[in-house]
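Down below is the structure, laid out as structure tokens.
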Amino acid sequence: HTTHSFLPLDFFFLRCQMIALNNSRNQFGLFILYLSCFLKTKAEFGWDSTLQGFILSSFYYGYTPTQCLGGLLSARIGGKKVIGVGIGVSALLTLAIPTSARISVFLLIFLRIVIGLFEGVTYPSVNSIWANWAPPLERSKLGTLSFSGASSGTVVALPLSSLIAESLGWPAVFYIYGFFGLIWYAMWLYFISDKPDDDPWISPLELNFIKQSLNTDTRKTEGPISHPWKKILKSVPFWAIVAAHFSENWGHQTMMTQLPTFMQQVLHFGIVETGFLSALPYLGMTIIIIFSGHLADILRSKNYLTTTQVRKIFTCGAFIGQSIFIISSGYLNSSFQVIFCITSFSINFLDIAPRHASVLFGISTTISMFTGIISPCITGFIVKDK
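Written out as structure tokens, the structure reads:
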């Protein structure tokens with residue numbers, strides 16, 4: 095096992111990580127779009143904070159309801175098609191955002207909703223592909239690495255978007271990301287297979303290892319799965335996970351949608367500095383997400399802590415740290431102090447990597463994603479005095 099080459103599987107992981115990176119791109123480009131309202135030059139758009147909140151949240155009006163649909167579709171027709179169509183169409187529509195914004199704000203909101211509809215099916219679909227590729231004893235590690243693409247994509251996209259917007263103008267952000275999204279779509283169709291048996295690039299040794307590993311998984315079943323919906327809806331642990339997911343997402347969405355505005359309007363950073371500094375929390379998140387899964391496994395395997403204790407400590411510790419540092423950031427006026435606080439709470443921003451079926455993951459994500467709708471709107475109503 096330790097001497098086995100995992101090159102095909104690792105390459106597959108990198109492909110999955112690209113999914114999360116591409117899923118993130120629309121929000122970052124939109125940061126630049128509404129920041130352009132407050133540049134020192136004449137504002138191109140006269141959007142107030144309330145309208146900005148609706149524009150930011152419009153993506154989630156489409157993204158939220160298609161989470162469960164993505165899990166169901168990927169289980170039936172395979173994750174490759176679902177993810178490919180979701181990213182391909184959203185990349186194509188991204189190219190139209192600058193034009194739609196200049197024509198009508200309502201057209202922009204509508205386009206954002208449609209993009210959300212297509213991207214919403216992608217995230218749960220990743221699990222359906224991992225189920226056919228990841229050996230049982232490596233699913234936690236590989237899944238954590240894969241989903242870390244969401245934060246690592248942010249680390250790249252925020253400063254890159256700022257540089258592009260500063261040098262080429264904010265519309266170029268959408269054109270460039272949309273174009274590369276279409277290239278990604280073509281590569282996805284060419285390289286990806288739903289199952290190892292269908293992959294022409296995999297070595298016989300690797301294929302053998304994966305198939306043997308999956309055959310030893312007693313939880314793996316053939317044919318359609320019958321979900322015990324009544325038991326799920328009555329399950330206290332399940333709703334505890336949903337509550338934690340919702341709470342974590344509230345802080346995450348608030349930070350993601352409001353942090354660049356706070357830095358630009360309150361701390362008076364330039365657009366380039368805002369992009370680079372806003373990426374710092376996500377750099378910390380990327381590092382912690384990758385290592386937190388390993389740390390949790392070590393604590394449990396060495397019997398230092400029980401599974402319940404690990405989950406409670408990681409989840410509650412993350413929430414407490416996040417609350418303390420993000421509240422402190424709002425009361426500071428020193429740029430250095432704010433950056434320190436934001437980076438500190440991101441170090442505790444630990445996610446509870448859920449080991450659920452794609453449908454259950456879709457349900458939890460659907461509920462938690464309502465924060466993407468609610469948080470920007472509430473912030474827009476509250477924040478009147480900049």
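Quick note, the sequence shown lines up with residues 95 to 480 if you use this note's numbering. The C-beta atom is built at its ideal place from N, Cα and C for all residues, glycine as well.
Local conformation of residue i per DSSP, three classes
| i | result |
| --- | --- |
| A190 | coil |
| I286 | coil |
| W264 | helix |
| L150 | helix |
| N397 | coil |
| A228 | coil |
| D293 | coil |
| G378 | helix |
| L361 | coil |
| W141 | coil |
| V432 | Low per-residue confidence applies at V432: pLDDT is 49, beneath 50, and the placement is therefore not dependable enough to give any value. |
| S198 | coil |
7 angstroms Cβ shell around residue i - same chain, five flanking residues per side excluded
| i | result |
| --- | --- |
| K314 | With a pLDDT of 49 at K314, under the threshold of 50, the modelled position of this residue cannot be trusted; read the value that follows with caution. The residues are L308. |
| T312 | Confidence is the limiting factor: at T312 the pLDDT is only 43, short of 50, which leaves the residue's position unreliable and the question unanswerable from this model. |
Inter-residue Cα distance where the pair is residue i and residue j
| i | j | result |
| --- | --- | --- |
| E213 | A185 | 9 angstroms |
| P448 | A338 | With a pLDDT of 34 at P448, under the threshold of 50, the modelled position of that residue is not reliable, and no figure is offered here. |
| D142 | P159 | 27 angstroms |
| L236 | G140 | 45 angstroms |
| K174 | H362 | 44 angstroms |
| C471 | T460 | 18 angstroms |
| P192 | G182 | 18 angstroms |
| A225 | D288 | 10 angstroms |
| F303 | G172 | 22 angstroms |
| A451 | I468 | Reliability of the predicted coordinates at A451 is poor, the pLDDT of 46 falling under 50, and the value obtained from them is presented with this limitation in mind. Roughly 27 angstroms between the two C-alpha positions. |
| S37 | I296 | No information on residue 37 is available, as it lies outside the stretch 95 to 480 that the chain covers here. |
| W333 | K325 | 11 angstroms |
From the options, residue whose alpha carbon lies closest to that of residue i
| i | options | result |
| --- | --- | --- |
| V208 | V250, I277, Y157 and Y284 | Y157 |
| Y155 | S462, K325 and S245 | S462 |
| V199 | G210, S152 and L299 | S152 |
| P331 | V477, K406, N226 and S219 | K406 |
| I286 | I258, V249 and W227 | W227 |
| L371 | G415, L145 and L254 | L254 |
| P265 | A190, G275, V336 and S240 | A190 |
| L202 | I181, L145, G178 and I384 | L145 |
| T368 | P354, G378 and N343 | P354 |
| E342 | S242, S417, A259 and A244 | S417 |
| Q352 | V176, Y217, L167 and V477 | V477 |
Whether residue i touches residue j by CB criterion (8 angstroms)
| i | j | result |
| --- | --- | --- |
| L205 | S222 | no |
| A390 | F408 | yes |
| V215 | G147 | no |
| A373 | L257 | no |
| L283 | G178 | yes |
| T400 | S246 | no |
| I149 | L239 | no |
Contact set for residue i: own chain, Cβ-Cβ below 6 angstroms, skip 5 residues either direction
| i | result |
| --- | --- |
| L301 | P290 |
| A280 | none |
Residue i: CB within 7 angstroms of a non-hydrogen atom of the ligand GTP
| i | result |
| --- | --- |
| G345 | In terms of ligand content, the structure shown is empty, and the ligand GTP therefore cannot be addressed. |
is_contact[residue i, chain B] using C-beta, thresh 8 angstroms
| i | result |
| --- | --- |
| K289 | Here chain B cannot be found, since the structure has a single protein chain. |
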